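Report on the structure given below.
Numbering (my numbering), first residue to last: 3 to 1221.
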């Protein structure tokens, strides 16, 4: 905004759309909540606030104002325009005047800042509170006039000062309507200076390119003095470019996929105006056929085509800029178009631009002062009509400058021609030239935000001025040593996260036991309904069971299947972005998160260290977190027993904020996995399932329980597994049975006989430290004491200095000193990289210690570990070192002492560890001490880590230490159990029905050979008395051995024998039907029926326990309906002639019964007296293609759809009973 007289109108516009006020909590609670959570600038200031020595580059707290106003600079001391008009003798004096005014304004600004400091200090003081600006000014003994004067003097440019009360000083500008809809942080500002806006955007876009240009310029300058040929010179430049240019992930993807990096609504053309400009030679193929004396070897560009423009009135007075902007060059078959215009001398064809606006022209800018001839040649070349380059000057005016200023053509001056056309194409040229000159002088903008907040620039300049001068060597050297891996060791190997193969995933699914499969299929069914748009209610399952019951296995299976299905959500298919998770894997600890390939709750949800109310919103991080988690449909939390009520409440509130609704968990479904009989949350918090007065109880209100009872980890040691199940729930007053006691006593061992290299598990850290010290002493190996390095920032310089000693903190800080030696067992104690398995609780052995010497002092640079988990640490390996070694460096973190940063290796000795550290781990052998067990579940966790009793050694045996929390047992007994009646109906029917029944199941198996093992492991299919299959894909007369099932007869009809007249179908692969019948039923097959010549079917008759006729039919999608119906009618007539009741016909008919309309197959069956029993969709695409028809529906006591993971179709079933 250049005209201050427009201020009032602009202020009205600003007040209409922008607000900085904290809404009244009583009048508008919703907006007040949003502003408080996402629009309040942190009073502690984030890292992004502090740039250089400025405390807050955004200028918070903002100064209060009674009304919105626009400050106007005290002096406008920009005398550039005056300098251009002034005579040379006066320019020197004007520059001196400009300097003196600049100093005056700077002093005025400093004085204003000093006067306003008490006001800012009061605004920063959390204990101070002021009703309005007047009360604040009274506290500072300042009048309104003085205050406004200081505010005006504070800035060197026009700045919008928003209407604010003192309580609004930390509120970021927002639009109320947009904020309600967006529900995330926003910053809206009125742009007073368009150049500042452009500078702000371009500083981010062009900063890396500017730095690259500067670097390449230095390389070229060095090469000019080097004795190298042009080929080597280009090689060195390209090497410098390729090694130093940074490419963002987005640009990498765009270049790899050949996507356009930019898109413009207008074409942009570069015009060469310099006589010595670069030219492109003709292709080598043409040069080879030319005479050696030929001089015309250059390709023609737009300037040459312009010289050959048609000799018509339209083109005669046209300048090069207009020609290039209004016309485009034609190539190939384009020249055959009706609008093609031929150029003179066979120079090609052009056509007037009809699509979009005229092209934008670019050119090299030359300085009028430094290179006047090039400057004026550019003006003449672009804007003066000419047919030859010689027309740009003449004998009277031999220079371009003279011809421009004094030349003429006809009755017009050359300058008139040029200035008229120049104004059309570079109306803002002088401004751009001035801006470019400033950029050349000052370099890229230091802090782009200061163009919007000029008052902050004063802080930066003052801090820079006050900073004491430093020697160049000190300025460049970082006081904290660089601990990066030595570049001489080579690049780190490229690591890709392993992907599970489809065969491996199916093997996981097959191994699910009955209860595990019930959970799996219930969640699978929920996912399908979400994809179909049924909007099912979120589920909240608690999956529990003893140690080793396969809870993690269920997590992996659910994650794979749910992720596959939820990718089909319509909103995700529309976006086409599958990178955001729909199923979020999380855990409380890093070890548990790594075991399921997930994230810790604290890291993924950006949870604060303190979880006590009030809830602390995400603030400025909301956009970032929402962008990552907006697609989450299912949240999986492992080791839920270690999650406190406060933490669960925070997770609930986080997802409410992310999803923008008030439903529990924001409407996200939750699968919580863990065992409350294991260790409780850290501190004194009680487990989630135990109710507490005065605590939010989200758990018992929402979650349903599923118990796993079959132990998988110790399944080869049945007696040990059953023992663990009993001691898991043993009460404190209960005694062990004689059998259990004698079994445990078998593992009791003398401590002296326990191998030292086996992990010892204790109750307390003191026991662990004593054991570690004893083992180290017995080693007799060379040890290295690694001292921590503590640093503190110097306020004046901003540098970190080494304190030279370790500050006394608390036990949660990294160790002051570490004893290290080759062969020492250690444990990582920080989450370094969860995805790579470098987490708190990862065990390993020190295999290498890398040191470096500087100034005669030797220090440990890297520690090489051989981890127990061979798949962990893949990103921390070094080329040239043993492949099994993982190298870690010092870890830097804030200590418990304010302002002190510690650098130390995040490891501790681990010949022994506490029971808390081993929760969730599995090992072949361990030594467990029951001495000093101090809480319920601790002994059970320690004893259940090994895979067998043989690998367990017990010392300090005391059965009184083995007990569970009675409150947990009572709480779990009162929890609601989850029901799987809908997703596992056959299992529930078989367990609750008495009497003779016949269970018939049909499934389109999509290949019997490849899915026979999946079928055999399906708990409900194996309940079938008669199992009918379609699309068996069998061929030939023999049946593969893998397709045989013990206790069943097998009948099949393959596709190639099913068609007499339809050779086109018979010769296609696929198809085929088959039936498994229990041998006890003594089934009889009927293979042929009159005039049924082209149909894939088979028919089986059974007489016990119920007499029934069962037919299986498959109709290929390509089979025309007319022929199929004729054969089907003949089959129905044949079945009717057998007079057996009931008759059941099932199969895949490829006729969808869900949408309305004519259903020819269904109508035929109804006409023949059959009823179709299936009403739910039978495929993943919500179609009902699999039908079940019965002649006497009263014989059916239950029917429906089952679940299967290995086929596009789900099985269907019916249960017949005697009427």
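Beta carbons are placed, not taken as given, at the ideal position from N, Cα and C, and that holds for glycine.
Bear in mind that the values here come from a model prediction, so they are computed numbers and not experimental data.
- Listed in chain order, the non-local C-beta contacts of residue 345 below 8 Å within the same chain comprise 307, 310, 311, 312, 351 and 352, local neighbours out to five positions each way being set aside.
- Rounded to whole angstroms, residue 952 and residue 922 show a C-alpha spacing of 20 Å.
- Counting C-beta pairs with one atom in each stretch, the region 567-576 and the region 619-631 have fewer than three that are closer than 8 Å, which means they do not touch.
- Collapsing the DSSP output to three states places residue 1076 in a strand.
- The alpha-carbon of residue 1187 is positioned some 49 Å away from that of residue 946.
- An exposed status is given to residue 262, since fewer than 16 other beta-carbon atoms sit within 10 Å of its beta-carbon.
- In the DSSP assignment, residue 762 falls within the unbroken beta strand (DSSP E) covering 762-764.
- The C-alpha of residue 1180 is placed about 10 Å away from the C-alpha of residue 1154.
- Counting along the chain, residue 274 sits inside no alpha helix (DSSP H), nor does DSSP assign it H or E at all.
- With 16 or more neighbouring CB atoms inside 10 Å of its own CB, residue 987 falls in the buried class.
- Within its own chain, the residues whose Cβ lies closer than 8 Å to the Cβ of residue 222, once the five positions on either side in sequence are excluded, are 239, listed in chain order.
- Assignment of residue 1045 by DSSP, reduced to helix, strand and coil, places it in the helix class.
- Nearest to residue 568 by alpha-carbon distance, out of 585, 581, 1073 and 1045, is 585.
- In this structure, residue 1212 keeps its C-beta atom at 9 Å or more from the C-beta atom of residue 1189.
- Counting along the chain, the unbroken alpha helix (DSSP H) around residue 520 starts and ends at 516-534.
- Pairing residue 1132 with residue 1056, the inter-Cα distance amounts to about 20 Å.
- For the pair of segments examined, the region 686-696 was found not to touch the region 513-531: the number of CB pairs separated by less than 8 Å stays below three.
- The DSSP-derived three-state label of residue 916 is strand.
- No residue range can be given for residue 62, since it is assigned to no alpha helix (DSSP H) and is classified by DSSP as neither H nor E.
- Between residue 1077 and residue 1114, the beta carbon gap of about 6 Å places them in contact (Cβ cut-off 8 Å).
- In the DSSP assignment, residue 344 is bridged to 351.
- Sequence-distant partners of residue 171 (beyond 5 residues in either direction) whose C-beta falls short of 8 Å from its own C-beta, in its chain, are 62, 63, 64, 65, 66 and 125.
- For residue 116, there are no CB contacts under 6 Å within the same chain when 5 residues up- and downstream are skipped.
- Looking at the DSSP output, residue 636 bridges to 585 and 671.
- Within the region 253-318, the runs of alpha helix (DSSP H) that reach at least 4 residues and sit entirely inside it are, in chain order, 286-289, 304-309 and 315-318.
- Check the Cα spacing between residue 1027 and each of 1047, 1001, 710 and 1007: the tightest is with 1001.
- In the DSSP annotation of this structure, the continuous segment of the alpha helix (DSSP H) that includes residue 139 starts and ends at 135-141.
- With contacts defined as CB atoms closer than 9 Å, residue 1216 and residue 1127 fail to qualify as a contacting pair.
- Linking residue 1096 to residue 1061 through their CA atoms gives a straight-line distance of about 4 Å.
- Under the 8 Å Cβ criterion, the region 557-565 does not count as touching the region 699-709, having fewer than three qualifying pairs.
- Fully enclosed alpha helix (DSSP H) runs of no fewer than 4 residues occupy 178-184 of the region 156-185, in order along the chain.
- Taking C-beta separations shorter than 6 Å and ignoring five residues to either side along the sequence, the partners of residue 999 in its chain run 1217 and 1219, following chain order.
- CA-to-CA, the gap between residue 1184 and residue 534 works out to about 7 Å.
- Closest option to residue 642, judged by alpha-carbon separation, among 656, 979 and 683: 683.
- By the CB criterion at 9 Å, residue 665 and residue 538 fall outside the cutoff.
- Within the region 708-782, complete beta strand (DSSP E) segments of at least 3 residues are found at 762-764, given in chain order.
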